[in-house]
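J.:
Residue numbers (our numbering): 536 to 917.
1) According to DSSP, which residues form a beta bridge with residue 800?
2) With DSSP run on the structure shown, which of helix, strand or coil describes residue 794?
3) Below 6 Å CB to CB, which residues in the same chain sit around residue 914 once its five sequence neighbours on both sides are set aside?
4) Taking just the CA atoms, how far does residue 538 sit from residue 754?
5) Does DSSP put residue 840 in a helix, in a strand, or in coil?
6) Find out if the Cβ-Cβ distance for the pair residue 562, residue 684 is shorter than 7 Å.
7) Determine the direct distance from the alpha carbon of residue 599 to that of residue 659, and round the result to whole angstroms.
8) Does residue 767 come out as helix, strand or coil in the three-state DSSP assignment?
9) In chain order, which beta strand (DSSP E) runs of at least 3 residues are fully inside the stretch 631 to 716?
10) What does DSSP give as the partner residue(s) for residue 731 in the beta ladder?
11) Quick check on DSSP: helix, strand or coil for residue 548?
12) Provide the residue span of the beta strand (DSSP E) that contains residue 592, from first to last.
13) Is the separation between the beta-carbon of residue 577 and that of residue 656 shorter than 7 Å?
14) Return the Cβ separation of residue 800 and residue 585 in integer angstroms, given the expectation that the two are a contact with Cβ distance under 8 Å.
15) Spatial neighbours of residue 757 within its chain, please: CB distance less than 7 Å, with the 5 preceding and 5 following residues excluded, ordered by chain position.
16) Does DSSP put residue 542 in a helix, in a strand, or in coil?
17) Report the three-state DSSP secondary structure of residue 625 (helix, strand or coil).
18) Given a threshold of 16 other Cβ atoms within 10 Å of its Cβ, counted over all protein chains shown, does residue 879 qualify as buried or as exposed?
19) Taking the alpha-carbon of residue 694 as reference, which of 704, 667 and 675 has the nearest alpha-carbon?
20) Here's the rule: buried if 16 or more other CB atoms are within 10 angstroms of the residue's CB, otherwise exposed. What is residue 742?
21) So which of 630, 594, 882 and 649 has the shortest CA-CA distance to residue 619?
22) Is the beta carbon of residue 775 less than 7 Å from the beta carbon of residue 804?
23) What does the alpha-carbon distance come out to for the pair residue 641 and residue 621?
24) Just tell me which of 613, 546, 557 and 626 has its CA closest to the CA of residue 581.
25) Classify residue 690: buried if its beta carbon has 16 or more other beta carbons within 10 angstroms, exposed otherwise.
26) Is it right to say residue 566 is buried, meaning 16 or more other beta carbons lie within 10 angstroms of its own, or is it exposed?
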């Protein structure tokens, strides 16, 4: 069956993402967005090696977001090993042996009826309202494992079939290129959100908010499964603040810098800074922990561009305009003539009712999303 126009556009955008000036797991949201147009699924996830040596995970906002941390509970991990041919935590084995897209029957080590009785299903998949799974292990051209994309459908949906397998297999090299970690550059990022929580110096929570809890869950990932306790790394940050406070008691010594914890994962970069503060009613001391969430400019830019609804070539050219490239370089990157680039730039401006690049960035809204902020904004084409 021929591809629809919507599917052709989704493939073109994935191909474009594979050729951007940024790549890494932080682009998974945009990847899953396009995959929805190509392979119908209810929820998507990306499992990849985390910084602590274990696996980390990104899950699309869904019912399962509230229970994904259960997947990292020891009893659930043990149950998964009993019913699945290979646990998702056994990534090194998957890289060696699992090639190409696989459906649920290929992933299972037991009949479906036994899966449905397992803790793995009843504590993770059932609460997330998903059942069927389409899985693909991604590798670099050199064979190094990057992560595993998993697409899920509910029990009420049709099962994944040959067409879905074929489509995901066709996309494999582009998906691997998009999600391959590149050089981390926090200068090429924007503040996405921030929040604060208050604890005792010993780590007992005094005050928090829904936003703080959300950012903590994003920063530490689903492997932080004991949600009633602060993550160990955050406890260590409080200890560093305590030692810094003791050091600052000496009047002759310079005031130490506030302790800070920096983390990064598929959701972006997180900075957590702790500072001493007076508790309410003067009851001893408290610690304020400020959480700042930054995302790559590119990860912020792609959804903003999608919202413009531009034709594919104009969509691609608008990306490079927003990134601040001179028109001659844009033409070279896109493999088109300078005259063609100028023509499409004018078409974009007319379509969006803007006069120049500054108005384009404000219209998207894309202001400050190009590399280096607004400096040299009008370099090249206007």
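C-beta atoms are modelled at their ideal positions from N, C-alpha and C, and glycine is treated no differently.
T.: The relevant details are as follows:
1) 803
2) In the three-state scheme derived from DSSP, where H, G and I count as helix and E and B as strand, residue 794 is classed as coil.
3) Low confidence applies to residue 914: its pLDDT is 35, below 50, so where it sits in the model is not reliable, and the reading given next is rough at best. Here the set comprises 861.
4) 38 Å
5) helix
6) At a Cβ-Cβ threshold of 7 Å, residue 562 and residue 684 do not count as neighbours.
7) 8 Å
8) helix
9) 667 to 674 and 680 to 688
10) 825
11) helix
12) 590 to 594
13) no
14) Taking 8 Å as the upper bound for CB-CB distance, residue 800 and residue 585 are in contact here, some 7 Å apart.
15) 592, 603, 604, 606 and 607
16) helix
17) Annotated three-state conformation of residue 625 is coil, per DSSP.
18) buried
19) With distances taken between CA atoms, residue 694 lies nearest to 667 out of 704, 667 and 675.
20) exposed
21) 649
22) no
23) 10 Å
24) 626
25) exposed
26) buried
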